[in-house]
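**Student:**
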Amino acid sequence: MNNIYQPQKARVISASRESIDTVLLRFQFADKTLQKKFAYLSGQFMQIGFPGWGECPISICSSPSDSQKYFELAIRDVGQLTHKINELKSGDEAWVRGPFGNGFDTDLYAGKELILIGGGCGFVPLRPIIMDALAGRIKTKSLKIFYGCFNEDTLLFKKQYPEWNRGAELGIILEKPTANWRGEKGLITALIQKRRISPAATVVMVGPPVMYRFAIKELEAKKIKPQNIWLSLERRMYCGVGICQHCAIGPYYVCKDGPVFNYAQLKNISHAI
Amino acid sequence: MSAFVFALVCVIILLIMPKEGDKLHQLIAAVFRDYFVYAPVKRAGRLLTQEAKTPDEVDWSGKLAENSWKEPFLPHREKLFESRRGLLETKGEQPPVACLGMNILDLKALTLFDLVFGNDVYYQNRRQKILVIGYGADWPNSYKKSKVFSHNFKEDALEHVSFDIFIAGRKSGEPVFYSGSAAGRKLLESCRIKNFENIKFAGAVAESGPDKRMLEIKGKLERSADHYLWNNLDQICLACGKCTIACPTCFCFDLEDKVNPDDPRRDRKWGSCFYNDFSLVAGGHKELDTVKKKIFFWYYHKFARIPKEYSYVGCVSCGRCTRTCPVNIDIAKNIAKILKMK
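Chains as they are written, first to last, in the numbering used here: chain A, 1 to 273; chain B, 1001 to 1342.
(1) Closest by CA to B:ILE1104, which one among B:LEU1088, B:VAL1116, B:LEU1087, B:HIS1151?
(2) At a cut-off of 7 Å, is B:PHE1032 close to the ligand SAH when judged by its beta-carbon and the heavy atoms of the ligand?
(3) Out of A:SER270, A:ILE273, A:VAL260, A:ASN268, state which residue places its alpha-carbon closest to the alpha-carbon of A:ASP105.
(4) For A:GLN265, tell me which candidate among A:LEU231, A:LEU174, A:HIS246, A:GLY118 has the shortest Cα-Cα distance.
(5) Shortest alpha-carbon distance to B:LYS1333 belongs to which of B:SER1272, B:ILE1217, B:LYS1308, B:ALA1246?
(6) Considering only DSSP beta bridges, list what B:ASP1177 is partnered with.
(7) State buried or exposed for B:ASP1059, treating a residue as buried only when at least 16 other CB atoms are found within 10 Å of its CB.
(8) According to the Cβ coordinates, are A:VAL23 and A:ILE58 closer than 8 Å?
(9) So which of A:TYR70, A:GLU55, A:GLY54 has the shortest CA-CA distance to A:CYS61?
(10) At a Cβ threshold of 8 Å, is A:GLN6 touching chain B?
(11) Please list the terminal residues of the continuous beta strand (DSSP E) segment that includes A:MET211.
(12) So which of A:TRP181, A:ILE269, A:ARG182, A:LEU143 has the shortest CA-CA distance to B:ASP1226?
(13) Out of B:TYR1299, B:LYS1053, B:LYS1292, B:VAL1161, which one is the CA nearest neighbour of B:MET1102?
(14) Could you pull out every unbroken beta strand (DSSP E) segment of at least 3 residues lying fully inside the stretch 99-136 of chain A, listed in chain order?
(15) Name, please, each residue of chain A whose Cβ falls closer than 8 Å to the Cβ of B:PRO1264.
(16) Excluding the 5 residues preceding and the 5 following A:GLU121 in the sequence, name in chain order all residues of the same chain whose CB lies nearer than 6 Å to its CB.
(17) Give the DSSP-derived three-state secondary structure of B:ILE1043 in the structure shown.
(18) Please say whether B:LEU1087 and B:PHE1081 have beta carbons closer to each other than 8 Å?
(19) Quick one: using the 10 Å Cβ neighbour count with 16 as the cut-off for buried, is B:LEU1298 buried or exposed?
(20) In chain B, which residues lie less than 9 Å from A:SER270 when you measure between Cβ atoms?
(21) Comparing the C-beta of B:ARG1127 with each C-beta of chain A, is any distance below 8 Å?
(22) Between the Cα of B:SER988 and the Cα atoms of B:CYS1247, B:PRO1307, B:GLU1287, which residue gives the shortest distance?
(23) Could one say the Cβ of B:ASN1119 lies closer than 8 Å to chain A's Cβ atoms, at least one of them?
(24) What does the alpha-carbon distance come out to for the pair B:VAL1121 and B:PRO1072?
(25) Is A:VAL78 close to chain B, meaning its C-beta is less than 8 Å from at least one C-beta of that chain?
(26) Could you check what DSSP says for B:ALA1282 in three-state terms: helix, strand or coil?
(27) Measure the C-alpha to C-alpha separation of B:ILE1016 and B:ASP1022 and round it to an integer number of angstroms.
(28) Please classify B:CYS1321: does DSSP put it in a helix, a strand, or coil?
(29) Does the stretch 1155-1173 of chain B come within contact of the stretch 1127-1143 of chain B, defined as at least 3 CB pairs closer than 8 Å?
(30) Determine the direct distance from the alpha carbon of B:CYS1315 to that of A:PRO177, and round the result to whole angstroms.
(31) Determine the extent of the alpha helix (DSSP H) in which A:PRO57 is found, giving its start and end residues.
(32) Determine the chain A residues that contact B:LYS1308 at a beta-carbon separation under 7 Å, and present them in chain order.
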């Protein structure tokens, strides 16, 4: 019987500092046959850790089309384990399990006006959708990316903005920017209010619970239906396969039935968001 | 004369032939000889499920012990990996274990564990080596009379629970034996018990479908988030988590790394949704941040989430949580309140 708790060794093949508190790591499984068989969907996550340090769930942020070559994780330094991960250099090893979760059903975005809304490090799992849409692997009608962040130092994936600006409408808003910032200032909700979003648009949103509560109000004001809003949740989790109960919300497990949920699924569950 | 001799021989045979009760002694002796035994044992006035050294220690009153039978099946702490060099799966060699005297309600809890941990290599390796001997004093009358609030009693209860041997005690007369597996049958036969009934496991859920009472509670509990009950419990419950430890179906767990230089390891240990770090994420956000949310989470798991996932009861009505609760929260009364909802 396969051991569902058995992590595999993965090696860092490149490490780059994405922002003041976040590192972007590209991994390959130490076992090459594992890498060749590896497949994941946008929005799925890995459990990453070290012997003696435990594990934490991190969204995959590379395109599924690269899954047989490598996978990338962008990890913010918020606790002991993520601090240690942030210190990893090329050639270092970590232990991973996964992929877990349902991922985004990107087939649903075909032919649609797709709105991606990211808040803080919640922006990470949206990156593969952007990359696949711009490469034509997801055939959307149009793509708008709205990204709310604290300041310039915490912005993620800056190097890709010129490319994203060419293929999509990229709106960035900073909560507390420096005096040099010439872009928009405020919260993500202000950006949603200002921009044109069609009532028929499909919205994919990833961020903290407080962002969901306010952003959903703005989207409802723009006549977006709950069933066209998708969001990804964060919870404490251990097993990753719907047994340990830590990530349960109502009848669902964030690790197994999520982390991606339709808003219509969650809106009547108390404390889901 | 010959008729007299024949009758005499018959009487002698009847006298020396072991009765079912004696056979029970033989069976128990065989179990103690070949297995490490867990059983209900009364020590210092407390009836607890624990290691029994001799057959005399086993309590046959049929009363439920204070604690559940979780420990032999899902230890409160177990080493999953040795983590000195990487993460090496622990291949624990355990002696054959017998769980002797499990009540039908505990067998239901075990049946749920078998469903939940169906793909768990640690659970399965351990489970395969455990001999399960159920016992019902005055069975099935004892079951019919007990205050089961989470589901209905069915005459075919034994067909839908996991066990190797079930011993039905009778108020008068000899016990009746049932076998629930090839291992159970073999053991009964080796003790020269020929008069037993084979019960074929017909799946955890009856052919007629999931339990109606369970579904009724589920339907109402799912809609009960705003019920006054949860506000009341918020004021009373201490969130101590004793109920989760006593409960035979609570199986939440944490994974925990230990960096002890002599034995670095990744463990699984029992968790509790009442504990403060249960839903804590990096950065400090905690989903279950009030007692009301915690206790609702606990009830929801048992009465809605498990029935949805497995079509099986998440509470077996053993009442251990009520017995152990320091502030007398009575699960049966609370479920009765939920059932009064329209």
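Just so you know, even glycine gets a beta-carbon here, dropped at the ideal spot from N, CA and C.
**Tutor:** Here's the rundown:
(1) Sequence index remark: in the second sequence, residue 1104 of chain B carries index 104 (1-based). Proximity to B:ILE1104 across B:LEU1088, B:VAL1116, B:LEU1087, B:HIS1151 peaks at B:HIS1151, based on C-alpha coordinates.
(2) The ligand SAH is not part of this structure, which contains no ligands at all.
(3) Residue 105 of chain A sits at position 105 when you count from the first residue of the first sequence. Of the candidates A:SER270, A:ILE273, A:VAL260, A:ASN268, the one whose C-alpha sits nearest the C-alpha of A:ASP105 is A:VAL260.
(4) Here residue 265 of chain A refers to the residue found at position 265 of the first sequence. Out of A:LEU231, A:LEU174, A:HIS246, A:GLY118, A:LEU231 has the C-alpha closest to the C-alpha of A:GLN265.
(5) Residue numbering aside, residue 1333 of chain B sits at position 333 when the second sequence is read from its first letter. Closest by alpha carbon: B:ILE1217.
(6) For the purposes of this step, residue 1177 of chain B is taken as the residue at position 177 of the second sequence. Looking at the sequence itself, residue 1177 of chain B is Phe, so the reference to Asp does not match. Looking at the DSSP assignment, B:PHE1177 forms a beta bridge with B:ILE1167, B:PHE1196.
(7) Looking up residue 1059 of chain B in the second sequence gives position 59. With 16 or more other Cβ atoms inside 10 Å of its own Cβ, B:ASP1059 counts as buried.
(8) The residue you call residue 23 of chain A lines up with position 23 of the first sequence. The residue you call residue 58 of chain A lines up with position 58 of the first sequence. Not in contact: A:VAL23 and A:ILE58 (Cβ atoms no closer than 8 Å).
(9) Within the first sequence, the letter at position 61 stands for residue 61 of chain A. Per the Cα distances, A:TYR70.
(10) Along the first sequence, read from residue 1 onward, the residue named residue 6 of chain A stands at position 6. So yes, A:GLN6 belongs to the interface.
(11) In the first sequence, the residue the question calls residue 211 of chain A occupies position 211. From DSSP, A:MET211 is part of no beta strand (DSSP E) but of the alpha helix (DSSP H) over 209-221.
(12) Position 226 of the second sequence, counted from the first residue, corresponds to residue 1226 of chain B. Of A:TRP181, A:ILE269, A:ARG182, A:LEU143, the residue nearest in Cα terms is A:ILE269.
(13) Here residue 1102 of chain B refers to the residue found at position 102 when the second sequence is read from its first residue. Per the Cα distances, B:VAL1161.
(14) Counting only runs of 3+ residues, the beta strand (DSSP E) found wholly inside the stretch 99-136 of chain A occupies 113-119, in chain order.
(15) Within the second sequence, residue 1264 of chain B is the residue found at index 264, counting from 1. Result: PRO51, GLY52.
(16) Position 121 of the first sequence holds residue 121 of chain A. According to the sequence displayed, residue 121 of chain A carries Cys and not Glu. Same-chain partners within the cutoff: ARG76.
(17) Position 43 of the second sequence, counted from the first residue, corresponds to residue 1043 of chain B. It is worth fixing the name first, because residue 1043 of chain B is Arg in this sequence and not Ile. Note: B:ARG1043 maps to strand in three-state DSSP.
(18) By 1-based counting over the second sequence, the position of residue 1081 of chain B is 81. By 1-based counting over the second sequence, the position of residue 1087 of chain B is 87. B:LEU1087 sits close to B:PHE1081, with the two beta carbons spaced by under 8 Å.
(19) The sequence position of residue 1298 of chain B within the second sequence is 298, counting from 1. Going by the sequence as given, residue 1298 of chain B is Trp instead of Leu. Result: buried.
(20) In the first sequence, counting from the first residue as 1, residue 270 of chain A sits at position 270. Going along chain B in sequence order, the residues near A:SER270 (Cβ under 9 Å) are ALA1225, ASP1226, LYS1293, PHE1296.
(21) By 1-based counting over the second sequence, the position of residue 1127 of chain B is 127. Judged by the 8 Å Cβ criterion, B:ARG1127 is not in contact with chain A.
(22) Residue numbering for chain B in the displayed model covers 1001 to 1342; residue 988 of chain B lies beyond these limits and cannot be assessed.
(23) Position 119 of the second sequence holds residue 1119 of chain B. Yes, B:ASN1119 counts as interfacial toward chain A.
(24) If you number the second sequence from 1, residue 1121 of chain B lands on position 121. If you number the second sequence from 1, residue 1072 of chain B lands on position 72. Taking the straight line joining both Cα atoms gives about 15 Å.
(25) Here residue 78 of chain A is taken as the residue at index 78 of the first sequence, counted from 1. True, the Cβ-Cβ gap to chain B drops below 8 Å.
(26) Along the second sequence, read from residue 1 onward, the residue named residue 1282 of chain B stands at position 282. Secondary structure at B:ALA1282: coil, using DSSP grouped into helix, strand and coil.
(27) Residue 1016 of chain B sits at position 16 when you count from the first residue of the second sequence. Residue 1022 of chain B sits at position 22 when you count from the first residue of the second sequence. Note that B:ILE1016 has pLDDT 48, beneath the 50 cutoff, so the model's placement of it is unreliable and the number below is only indicative. Their Cα atoms are separated by approximately 11 Å.
(28) Within the second sequence, residue 1321 of chain B is the residue found at index 321, counting from 1. DSSP places B:CYS1321 in helix when its eight states are reduced to three.
(29) A contact exists between the stretch 1155-1173 of chain B and the stretch 1127-1143 of chain B.
(30) Residue 177 of chain A sits at position 177 when you count from the first residue of the first sequence. Residue 1315 of chain B sits at position 315 when you count from the first residue of the second sequence. For the pair A:PRO177 and B:CYS1315, the Cα-to-Cα distance works out to about 53 Å.
(31) Along the first sequence, one-based indexing puts residue 57 of chain A at 57. In the DSSP assignment, A:PRO57 falls outside any alpha helix (DSSP H) and within the unbroken beta strand (DSSP E) covering 54-59.
(32) Along the second sequence, read from residue 1 onward, the residue named residue 1308 of chain B stands at position 308. Those are PRO251, listed as they occur along chain A.
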